[in-house]
Each structure stands twice: as C-alpha cells, then as structure tokens.
C-alpha cells in the first residue's frame with residue numbers, strides 16, 4: 121500500500137494500444153516459412169540425436185602383423201572348404217565297410233552324414249569315425265563326427281573317443297576337439313537350475329584343456345572363441361566374465377586375419393563379445409559391440425536381433441535367453457571355414 | 310467478449326520459434342535421459358499401490374516370556390575350517406498341549422554343549438513360563454546336540470510324548486507322566502538311534518492305530534562329530550550325493566517298544582535328509598513319505614496300504630539335484646490332493662535353484678509351479694509353511710531364509726569354486742576352503758508370499774517381519790485360541806521370535822481338535838477333513854510334524870472369509886471311517902472324537 125501510494129496517479133492509466141504496425145503479407149509468410157523450417161530442422165536434429173546409432177571403436181588386443189593361417193589354427197582351411205562329393209552312397213569308391221584311408225576320408229565323411237540323414241545312425245557314425253581316424257588333425261572330419269554324436273546324445277561315447285584321440289595324438293586340434301566334447305557333455309547334465317555343478321565341472325575341464333592350447337598358440341581363434349564362450353556361460357559372480365571378455369576381444373580381433381578365409385565367424389564373435397557386456401549389465405557397451413559388428417556384417421540378422429532387444433531387457437542376462445544357464449554353446453566350428461553364411 | 314486476432318509481430322514470431330525449440334529440446338533431453346526408463350518408473354511409483362491381504366505381524370517374544378537364544382553346537386576342531394557351516398542347524402520349535410489345559414505349549418531347542426532346551430508352558434494370558442527343568446526335558450545337550458523335537462501320543466493315553474533327534478548321541482523318547490513331567494523311556498522303548506538326524510515325524514504308516522516314528526538322518530551314523538576318526542564325513546557330490554546317514558522307521562510294537570523296519574521296507578534312504586513329511590499324497594487313504602534331501606534327489610515313498618512302501622520318485626518327480634531343506638504339505642486348490650512346498654537355495658549370481666511348489670497332478674506325478682506363481686525365489690531357505698494368516702481361506706507361504714550370518718565377506722565364491730572343481734574330494738571336510746568370518750547367504754529376511762490374483766507377491770517387510778536372522782524351524786500355532794495362527798521362529802544361534810498375528814480384517818473361522826478312536830491313532834494324525842462352504846471346498850490333514858526342525862499346532866483351522874456358515878464337514882479318520890457334520894458354530898474350536906459325532 122505504501123509503495124502504491126507513492127506511484128503517480130497517471131501511471132495507473134492504461135495507455136491506448138499503439139496502432140499495429142502494418143507489414144506486407146509476403147514478409148509475414150516468409151517469416152512463417154523460416155520459422156517452420158527452423159522447427160523442422162530442430163525436430164530432425166533432435167530425432168537424429170535421439171535415434172542415431174552411436175558407434176564407438178572397440179578396444180581390441182593388438183595382433184602381430186605376421187599372423188598366418190597356421191597361427192589361427194586353420195592352415196588346412198582349403199581342405200575344410202572342399203565340397204562334399206555328391207551322392208556319396210552311390211559312389212563306387214565308397215567301401216562297403218568303413219576304412220581308415222585318408223584318400224577316402226572326404227567320401228566317407230559325406231557318406232556318414234547321408235546315412236544318418238536316411239536313418240542309418242550306427243552305420244553313418246562308423247563312416248564318420250573312419251573319416252575322422254583317417255586324418256586326426258583334420259578339424260572338419262572330427263567336427264562332423266563329434267556333432268553327429270552330440271546331436272544323438274551319445275555324450276559319453278563322444279567324450280571317450282575324443283579323449284582317447286587327444287591322449288594319443290596330443291596335437292592342438294585333437295585337444296581342441298576334446299575340449300569341445302566336454303562342452304557338449306554339459307548337455308548330459310540336468311537342465312538348469314538343476315545340474316549346475318555337473319555343467320560347471322565339464323566346462324572347467326574344457327577350459328583347462330584350452331588353457332594348454334592357448335599357452336602355446338595364443339592366436340588360435342577356435343580355442344580362443346571356445347574358451348571365451350565357456351567363461352561366458354558361468355554364473356557372473358564366479359568371476360569368469362573378465363576372462364570371457366579377454367578371449368572374445370581376441371576373437372573379434374582375429375576376425376580380421378580370418379576374413380581371408382571366411383567372414384562366417386564375424387557376426388558370432390561380435391555377438392558373443394557383446395553378450396559379455398550384456399551379462400555384466402553394461403547394455404550400452406553391449407550395443408556398441410553389436411553395432412560395430414553390424415558395420416562389418418550389415419546383413420547379419422543375429423546381430424540385428426540383438427540390437428532389437430530393449431535396453432532394459434539386456435540387463436541381468438544371468439538367466440536370460442541370450443547366454444543364460446541352459447542356453448547351450450553350439451560347438452559347430454565349421455563357422456571358422458565355411459563360406460556363404 | 311469479442312476475440313480479435315492480431316497480426317503476429319516479428320518479435321512474437323521469434324519468441325514462438327524459440328519456445329518451440331526449447332520445447333523440442335526439452336523433449337529430446339527427457340528422451341535421452343530417460344534411456345534408463347526412470348521417468349516411467351517415476352510415474353509408476355505414483356500409481357496407486359496394489360492391494361493384497363494385509364497383516365500386521367508384531368514381534369512379542371520378550372513380552373511373552375520367550376526371550377531365549379539358541380546355542381550352536383561346536384564340533385571336533387579337526388573341522389574348524391568349516392565350523393560355521395557345520396554348526397548351522399539345530400534351532401527347532403515344536404507345539405503341543407502337553408498338559409492338556411487347552412492351550413498350546415511350545416518346546417524350543419538349544420544345541421550347544423550343556424545349553425538347556427526350553428518347554429514354554431502357555432499361561433493363558435499371553436505369556437509363557439519355561440518349565441523344561443521341572444518337566445525333565447531341559448538337560449539334553451550333555452552329549453551330542455539337539456536338532457529336532459516332535460510331539461506324538463505313541464501310547465494313545467491322551468497325553469503328548471516327546472521325541473528328540475540329536476547329532477552324535479542317542480535320540481530320546483520322553484513319556485508324558487500326565488503331571489507336567491516326563492520320563493526318559495528311550496532305552497526301554499528301543500528308540501535311541503545314535504545317528505546324526507535332523508528331522509522326525511510321528512505317523513501311523515501301517516494303520517494299526519499306533520503312531521510310528523520316521524527319522525531323517527544327515528551325516529553317517531559312524532561319524533561322531535565331536536570325536537572324528539576321519540574328516541571324510543561330508544557329502545560326496547553337490548548334486549547327487551547318496552552317502553548320507555540311512556533313515557530310520559521305528560514301527561510301534563504296541564507294548565511300549567519300537568523296531569527299526571526301515572531297511573526291510575526299503576525306506577532307509579541314504580540321501581542327506583534334512584526334513585521328512587508325510588501325507589496322503591495319492592489320495593489312497595494311506596500316508597506317504599516325502600523326504601527333502603540336501604545335495605540331491607528328494608524322495609517319495611508311496612504307502613502301499615499293506616505296511617510296505619514303493620519308491621515312486623522317478624515317476625512322480627522330475628530330476629531334482631537341488632538342496633531340499635524343508636517340505637510342507639497343503640491342498641492349495643481344494644481338489645483333495647495335497648501340494649508340496651520344498652525349500653531350496655537361491656543366491657542371485659551363483660545358484661538360483663529356487664524353491665519348489667509341487668502341484669499334485671492327481672495322476673501320481675507332480676509339476677513345479679513355483680516360478681509361475683512367483684514363490685520360487687526366496688534365499689537360502691529353511692523352514693517354510695503354508696498358513697492362512699487372515700482366515701480368508703487362501704494359504705500364504707512363509708519361508709525362513711539365511712544360512713550363516715557373519716562378517717561382510719562372502720563364502721559363496723569359495724563354495725562355488727570348490728563345487729565346480731573336478732577331482733576335489735569334497736567328502737573330506739579338510740578339502741574345503743576355510744569359512745573364517747565370512748557369511749554364507751547371511752542376513753536374509755524371511756519371505757512372506759501372499760496370493761494376489763493368480764500369483765503370489767512377497768510382503769514380509771510390509772507385514773512387519775524386519776529382522777534378518779538365520780531362520781530354521783518355523784512353527785505355526787494359535788497360542789491364544791483366537792483362530793489366528795501365530796509364528797514361532799527358531800533362529801540358528803540367534804534369538805527366538807514370536808510374531809503375534811494382527812490381520813487388517815477379521816474373518817470367520819472354525820477350528821477342529823480331532824481325537825481318533827478305534828483303529829485310528831488318538832492324535833488323529835493323517836485325518837483328512839473336507840470343508841464345504843459357499844462355493845468353495847477346503848481340504849486339510851492332521852499334521853504329523855511336517856517342516857524342517859519344527860512341528861506346528863496339530864489342530865485344524867479353516868478360514869472362511871466372510872461366509873457365515875459351513876455347508877458340510879467331512880472327516881475321514883485314519884482307519885477309514887468317514888463322518889459328516891454340519892451346523893457347527895463358527896469362530897471357535899470344536900473337539901471332535903471319532904465315532905462320537
């Protein structure tokens with residue numbers, strides 16, 4: 121009241137509205153258009169900021185420049201890529217009973233698979249075994265035989281056979297195959313949450329064998345990836361995620377030299393490395409890894425599927441459908457030489 | 310009032326543009342920041358809270374005169390490295406009206422050397438008096454350690470007798486002298502099995518009207534845990550151990566003596582049994598056995614009705630490699646076939662086994678419905694019971710959790726590493742990494758699951774259970790006869806707790822105290838009661854002492870919600886006699902004697 125009483129009376133009188141400035145209509149329209157464009161630009165900018173994929177380069181281990189296919193464990197990749205003979209069962213060269221003969225191995229491998237497809241499991245397995253025995257260093261034959269045993273739940277037979285081979289042969293490839301047989305053996309345990317200790321002991325055995333391999337052959341991409349996936353499978357509080365991260369970072373780094381052979385593994389490597397971060401609750405980092413992978417393999421539906429998972433669902437993947445317990449590791453290592461994936 | 314549109318000035322135009330830009334920027338910022346979904350969560354938080362049956366549980370052990378603390382065993386120092394693990398059981402609690410004054414009394418164990426057990430006589434005014442010394446059942450820990458206690462009228466004289474299960478010293482059978490005291494009849498009765506048991510129940514397996522006794526054993530009997538000759542005493546596998554102590558079935562000979570018939574009947578299971586339960590699981594009128602086994606497959610023995618059993622586990626249950634701790638039995642859906650709740654271990658990040666809720670499929674098989682119903686995740690679970698806390702006719706599930714509460718360190722990593730390392734002789738206690746002062750799933754609060762819609766939600770904290778002790782035995786008993794069950798909780802090495810039940814809404818109820826006659830045992834254990842009211846049916850059985858280290862009030866209480874009358878009550882006594890009743894008054898207990906209805 122005091123303040124008001126000090127104000128001069130004439131200031132309380134509202135002055136009349138000044139006449140509206142007259143402006144040409146054209147100018148007003150131009151202003152409106154500019155304003156609309158500005159708004160649209162802002163909208164577009166905001167949308168881009170919101171939705172643009174942000175891809176940060178990955179921190180990957182440095183690899184020696186001199187790395188060759190033998191270092192990757194794939195010196196025989198050309199043999200692995202050889203096409204299987206067509207109609208193997210009609211092939212006159214196919215022996216009536218399986219023979220351990222390197223020159224027949226490819227044919228017997230094809231025949232074994234064909235026999236299993238037509239329901240003759242035992243006979244098919246015997247041909248596959250013969251092919252594997254013909255060239256025990258050949259990852260392709262051992263892979264085909266091992267997967268056939270695995271897919272028919274002959275886990276004990278599988279592990280016994282490849283353990284015997286590894287004990288006899290001691291080669292890197294035989295050890296890797298034995299390690300993979302241990303991973304397959306995990307499927308013989310009860311489904312989690314039952315059977316966790318059983319599975320973990322198999323995984324532990326697999327990791328131990330792969331440790332031996334990687335001590336002398338640190339750039340063997342199959343061993344790296346297999347060990348990384350083993351570590352990734354464990355419950356996170358058991359502390360295996362850092363090792364999984366290291367192995368799978370190596371795996372991703374090794375996709376570059378491997379690309380001379382195949383790109384079929386690239387998406388798998390990036391997916392697995394991203395899964396390490398997802399399992400650790402680091403959804404942003406997981407997505408960044410997958411986006412990196414997508415840049416290299418834009419057609420990968422698997423990577424795209426990972427990226428389509430909602431951010432909040434990526435957290436706590438301990439028991440989730442990505443790498444949760446009971447989501448078995450696929451030990452088919454043909455991804456390291458197959459083309460056209 | 311006339312609205313006139315004024316031409317937009319350049320200044321105004323710029324102002325609008327800036328405002329629009331700011332708005333957009335704000336939306337963008339919110340969008341970017343909301344990648345963690347906090348905004349939605351914030352909105353969610355302000356939504357109205359869910360409604361569910363509401364209880365108030367008030368801890369009153371001190372006021373009730375039950376402020377005692379369980380003392381743990383201390384075993385042979387050769388196994389000091391894992392002593393916290395080894396001395397992690399023994400806190401037990403059992404209810405019965407031992408002096409027949411119409412009020413439920415409570416036995417509470419202690420296990421430490423020379424530490425006294427307690428018999429809390431109910432004074433009828435909300436307080437209890439420990440009369441264990443006068444009764445002659447206080448001094449039970451001179452040798453070995455008490456692990457469980459179970460009341461049962463083995464001689465049908467109308468007075469509850471008491472069986473005590475111990476580690477590394479003979480068990481005890483105390484006969485009730487009808488004057489507030491007990492006489493130790495262990496020797497004359499032949500029930501002094503010396504083993505390392507954790508649980509026992511009274512039930513009449515051969516339907517001769519006499520209560521028999523089944524004892525679940527843990528460590529092998531040759532191992533005196535106070536004077537070890539070897540440290541190879543542990544389970545030999547974490548998922549399929551079968552090297553535990555054989556279980557015992559004492560057949561009541563009717564002359565005050567008992568005979569162990571477990572081997573000849575094939576029920577001398579060597580799993581690591583932590584709890585034994587019995588009920589008519591297959592609707593045959595006979596009581597079957599469910600064994601909650603640690604480190605491996607639980608067992609179901611079907612009663613053939615001719616005094617023999619058949620192990621039907623492989624058919625009845627899926628593979629179970631979990632850590633069975635407790636089994637309680639109730640019919641959740643009123644179909645007359647009992648369902649089973651089994652405690653296991655849940656430790657996020659290490660071992661998420663989850664508790665089972667075995668739904669009875671009525672075809673001799675069971676299916677675990679715990680994950681679907683939301684009652685699987687609790688903790689390192691022990692005693693667990695079905696209980697209708699507010700008498701609305703719907704069972705809640707209360708689960709005690711917590712293994713070893715000690716320091717901030719966590720033994721789980723060592724445990725996990727040991728369990729998963731092939732070739733390690735885990736049977737040898739000395740192979741185990743030292744526990745030290747580390748906790749093992751310690752400081753875990755109980756879980757109280759209440760039904761909401763088609764699932765359960767956990768409300769322990771909201772209900773007033775705030776303490777995180779290492780719970781073991783859980784006894785449900787109505788000590789003040791108001792029809793509302795109270796919770797008596799035996800905590801391992803920690804204070805005993807009594808929670809008074811104060812539900813938000815009082816509902817109608819009816820209580821039954823059943824007395825068997827003829828060829829039925831007098832305690833009427835195994836009697837099936839089917840209550841029909843409104844459009845609802847409830848089925849309950851008189852309990853033989855189911856649940857880890859505990860025995861609940863044997864009387865049956867049916868919650869009726871808002872119903873004001875029951876339509877029918879059918880009682881099937883253990884000898885097969887069926888009696889029908891109706892017109893019983895609500896909100897009180899009725900003593901019903903077989904053949905006198």
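Protein chains in written order, with the working numbering: chain A, 121 to 461; chain B, 310 to 906. Using N, Cα and C, we set each Cβ at its ideal position, and we do this for glycine too. Just so it is clear, the structure is predicted and the values come from calculations on it, not from any experiment.
| Asked | Found |
| --- | --- |
| CB contact check: residue 737(B) to chain A, cutoff 9 Å | no |
| Helix, strand or coil at residue 410(A) according to DSSP, with G and I counted as helix | helix |
| Cβ separation of residue 785(B) and residue 796(B), assumed to be a contact under 8 Å, to the nearest whole Å | 6 Å |
| Other residues of its chain near residue 349(A): CB distance less than 7 Å, five sequence neighbours each side excluded | 392, 449 |
| Separation of residue 534(B) from residue 385(B), as counted between CA atoms | 6 Å |
| Within chain B, the residues that residue 320(A) reaches when beta carbons sit closer than 7 Å | 729 |
| Burial state of residue 734(B), where buried means 16 or more other Cβ atoms lie within 10 Å | exposed |
| Residue 242(A) in three-state terms, based on DSSP | helix |
| Straight-line Cα distance separating residue 583(B) from residue 885(B) | 31 Å |
| Below-9 Å beta-carbon distance, residue 133(A) vs any chain B residue | At residue 133(A), the pLDDT of 44 sits below 50, so the modelled position is not reliable; the number obtained from the coordinates is stated separately. Judged by the 9 Å Cβ criterion, residue 133(A) is not in contact with chain B. |
| Outcome for residue 744(B) when other beta-carbon atoms lying within 10 angstroms are tallied against a minimum of 16 | buried |
| Under the three-state DSSP convention, the category residue 296(A) falls into | helix |
| C-beta neighbour in chain A for residue 551(B), strict 9 Å | no |
| Residue 528(B) versus residue 305(A) - alpha carbon distance | 31 Å |
| Span of the alpha helix (DSSP H), counted from its first residue to its last, around residue 440(B) | No alpha helix (DSSP H) contains residue 440(B), which DSSP labels as neither H nor E. |
| Limits of the alpha helix (DSSP H) - the one that residue 309(A) falls within | Where residue 309(A) is concerned, there is no enclosing alpha helix (DSSP H), given that its DSSP letter is neither H nor E. |
| Spatial neighbours of residue 178(A) in its chain, beta-carbon cut-off 6 Å, leaving aside the 5 residues before and after | 412 |
| Cβ-based neighbour list, residue 397(B), same chain, cut-off 7 Å, excluding 5 preceding and 5 following | 712, 713, 801 |
| Every unbroken alpha helix (DSSP H) within the stretch 839 to 872 of chain B, with a cutoff of 4 residues, ordered by chain | none |
| Cβ pair residue 765(B), residue 651(B) closer than 9 Å | no |
| Integer Cβ distance of residue 549(B) from residue 557(B), believed to fall under 8 Å | No, residue 549(B) and residue 557(B) are not in contact; Cβ-Cβ is about 23 Å, not under 8 Å. |
| Minimum Cβ-Cβ distance from residue 314(A) to chain B less than 9 Å | yes |
| N- and C-terminal bounds of the alpha helix (DSSP H) containing residue 342(A) | 341 to 353 |
| Chain-ordered chain A contacts of residue 629(B) [CB-CB under 7 Å] | 314 |
| Cβ of residue 442(B) within 9 Å of any chain A Cβ | no |
| Proximity winner among 624(B), 372(B), 840(B), 857(B), relative to residue 850(B) (alpha-carbon distances) | 840(B) |
| Residue 580(B) in three-state terms, based on DSSP | coil |
| Exposure of residue 424(B), with buried meaning 16 or more beta-carbon neighbours within 10 Å | buried |
| Neighbourhood of residue 217(A) by C-beta, 6 Å cutoff - its chain only, sequence neighbours within 5 removed | none |
| Candidates 879(B), 858(B), 700(B), 731(B): closest to residue 819(B) by CA position | 700(B) |
| Nearest candidate by alpha-carbon position, reference residue 863(B), set 375(B), 368(B), 459(B), 427(B) | 459(B) |
| N- and C-terminal bounds of the beta strand (DSSP E) containing residue 812(B) | 806 to 812 |
| Test item: CB-CB of residue 300(A) and residue 451(A) under 9 Å | yes |
| Under the three-state DSSP convention, the category residue 262(A) falls into | helix |
| The stretch 635 to 647 of chain B contacting the stretch 690 to 707 of chain B, beta-carbon criterion three pairs below 8 Å | yes |
| Local Cβ density within 10 Å of residue 613(B), reported as buried at 16 or more and exposed below that | exposed |
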